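Taking this note's numbering, the leading residue of the sequence shown gets 491, the next gets one more, and so forth.
The structure under discussion appears below in the form of structure tokens.
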Amino acid sequence: MENDPVADRLSAVYPELPPGERAIVRVLLDDYPFAALGSLRALAERAGVSPPTASRLFDRLGYAGFADFQAAVRDGARDRSRLLEFVTGAPGTGAPDASSPAASSPGGDGAGAPEPSGLRRAAEDLRAGLDGTLASVTDPLLEASAALLAGADTVWALGGPLSELAAEYLIRQLASLRPGAHRVPGSAQARARTLLDLGGGDVVVAYDFRRYSPDTARFVEAARARGARLLLVTDAWESPLSAAAQVLIRLPREAAGPIAPLAHEIAVTELLLVATAARLAPAARLADLEALTQSL
């Protein structure tokens with residue numbers, strides 16, 4: 491939905507909206523444009539709000555009702571992922587079209603690849619997004635996160651189909667700094683066994699980005715019901731779990747690149763680990779780990 495005016499408008503107004511209308515926007519952006527093409531009642535049910543609440547959103551946006559909004563979506567939306575737009579030469583991406591010399595060249599290292607200007611632009615966008623992401627993780631957020639990660643009885647981390655890589659990285663490094671750091675297992679049975687022993691001294695770290703993971707939500711809600719605390723890393727549009735978080739780290743909108751903001755998630759995770767290490771003074775544990783590694 492890159493450069494789609496309707497999606498851009500929804501993203502821009504999101505921070506100003508009341509909770510019910512935010513829920514509608516999350517559903518729309520999570521499954522754009524398809525979520526906008528059904529009935530108003532179906533959209534409201536997906537968001538867990540009433541049809542009048544949904545109607546107020548479209549009135550606020552200046553549309554003459556839901557049908558007018560749907561017409562704008564059909565006019566402006568393109569059923570393409572950011573990655574697809576980048577590699578197929580959508581305007582502004584810098585990737586070559588079918589008639590460009592780079593696309594038609596029969597050989598050479600650059601055949602079929604984006605032109606250097608496009609690669610430079612992608613690198614600049616990544617750098618700018620990363621700068622914004624790091625700036626958004628303020629010292630108070632880091633201190634609050636480190637307090638949770640250092641003081642928990644046990645830390646459990648999980649993520650969605652891609653963000654699970656950030657969760658895995660967090661646990662691999664955190665286990666070197668302190669005991670009791672684990673990935674949430676994948677199967678329902680193993681997750682149920684994990685939940686049996688969770689309590690108020692434990693912390694769940696969830697990475698939850700559009701499309702927000704129902705599996706993540708179910709585990710987090712069950713863990714919260716048993717008293718566990720939540721550190722949530724999410725995007726500018728905020729996971730539905732945001733209200734349940736003791737600490738909420740929200741990556742800015744600029745964190746979205748042509749593929750996915752995994753680099754930003756890892757960078758934030760690095761900051762969390764550094765802040766946590768400063769609280770734990772883990773030198774003896776790390777030395778012991780190194781000695782054990784050398785002996786195996």
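Each residue gets a CB set at the ideal place from its N, CA and C atoms; glycine is no exception.
Note that the structure is predicted; figures quoted are calculated from it, not measured.
Beta-carbon contacts of residue i that lie in its chain and below 6 Å, excluding the five residues immediately before and after
{"i": "V517", "result": "A525, R536 and A537"}
{"i": "L667", "result": "A767, L770 and P772"}
{"i": "R568", "result": "Residue placement at R568 is flagged as unreliable, the pLDDT there being 42, under the threshold of 50; a coordinate-derived value is accordingly withheld."}
{"i": "V563", "result": "V496, P523 and A526"}
{"i": "R701", "result": "D520"}
{"i": "G690", "result": "G717"}
{"i": "F559", "result": "F548 and Y553"}
{"i": "L507", "result": "none"}
Spatial neighbours of residue i in its chain, beta-carbon cut-off 8 Å, leaving aside the 5 residues before and after
{"i": "S545", "result": "L530, G555 and F556"}
{"i": "A637", "result": "R769"}
{"i": "I514", "result": "L533, A534, A537, V539, T543, A544 and L547"}
Environment of residue i [buried if 16+ CB atoms lie within 10 Å]
{"i": "G552", "result": "exposed"}
{"i": "G676", "result": "exposed"}
{"i": "G597", "result": "Because G597 carries a pLDDT of 42, less than 50, the predicted location of this residue cannot be relied on, and no value is offered for it."}
{"i": "R719", "result": "buried"}
{"i": "S635", "result": "buried"}
{"i": "D698", "result": "buried"}
{"i": "R617", "result": "exposed"}
{"i": "T628", "result": "exposed"}
{"i": "S594", "result": "Residue placement at S594 is flagged as unreliable, the pLDDT there being 40, under the threshold of 50; a coordinate-derived value is accordingly withheld."}
{"i": "V723", "result": "buried"}
{"i": "Q488", "result": "Here the chain has residues from 491 to 786 only, and residue 488 is not among them."}
{"i": "V764", "result": "exposed"}
{"i": "D725", "result": "buried"}
{"i": "T684", "result": "buried"}
{"i": "A735", "result": "buried"}
{"i": "S785", "result": "exposed"}
{"i": "L782", "result": "exposed"}
{"i": "L762", "result": "buried"}
{"i": "G528", "result": "exposed"}
{"i": "L500", "result": "buried"}
{"i": "V710", "result": "buried"}
{"i": "L731", "result": "buried"}
{"i": "E633", "result": "exposed"}
{"i": "E780", "result": "exposed"}
{"i": "E728", "result": "buried"}
{"i": "L686", "result": "exposed"}
{"i": "D439", "result": "This structure leaves residue 439 out entirely; the chain is present only between 491 and 786."}
Close-in-space but distant-in-sequence residues of the same chain around residue i (CB under 7 Å, 5 per side omitted)
{"i": "A647", "result": "A657, L660, I661, R673, V674 and V695"}
{"i": "P541", "result": "L530, R531 and A534"}
{"i": "P742", "result": "G622, T623, S626 and A726"}
{"i": "E755", "result": "S653, A656, Y697 and V723"}
Opening and closing residue of the alpha helix (DSSP H) in which residue i lies
{"i": "G555", "result": "Taken as a continuous stretch (DSSP letters only), G555 belongs to no alpha helix (DSSP H), as it is neither H nor E."}
{"i": "L720", "result": "That residue, L720, is in no alpha helix (DSSP H); its beta strand (DSSP E) goes R719 to T724."}
{"i": "A781", "result": "A773 to S785"}
{"i": "A757", "result": "L752 to L770"}
{"i": "V515", "result": "P509 to D520"}
{"i": "P704", "result": "P704 to A715"}
{"i": "P541", "result": "P541 to R550"}
{"i": "P630", "result": "D629 to G641"}
{"i": "E535", "result": "L530 to A537"}
Extent of the continuous beta strand (DSSP E) to which residue i belongs
{"i": "D687", "result": "Unbroken run through D687: none, as it is neither H nor E."}
{"i": "L648", "result": "V645 to G649"}
{"i": "D494", "result": "No beta strand (DSSP E) contains D494, which DSSP labels as neither H nor E."}
{"i": "R673", "result": "A671 to R673"}
{"i": "Y659", "result": "From DSSP, Y659 is part of no beta strand (DSSP E) but of the alpha helix (DSSP H) over E654 to L667."}
{"i": "R740", "result": "V737 to R740"}
{"i": "A696", "result": "V693 to D698"}
Chain D contact for residue i (CB, 8 Å cutoff)
{"i": "T628", "result": "The structure shown has no chain D; it contains just one protein chain."}
>> Within 8 Å, do at least three Cβ pairs link the segment 613 to 630 to the segment 640 to 655?
In response: These segments do not touch.
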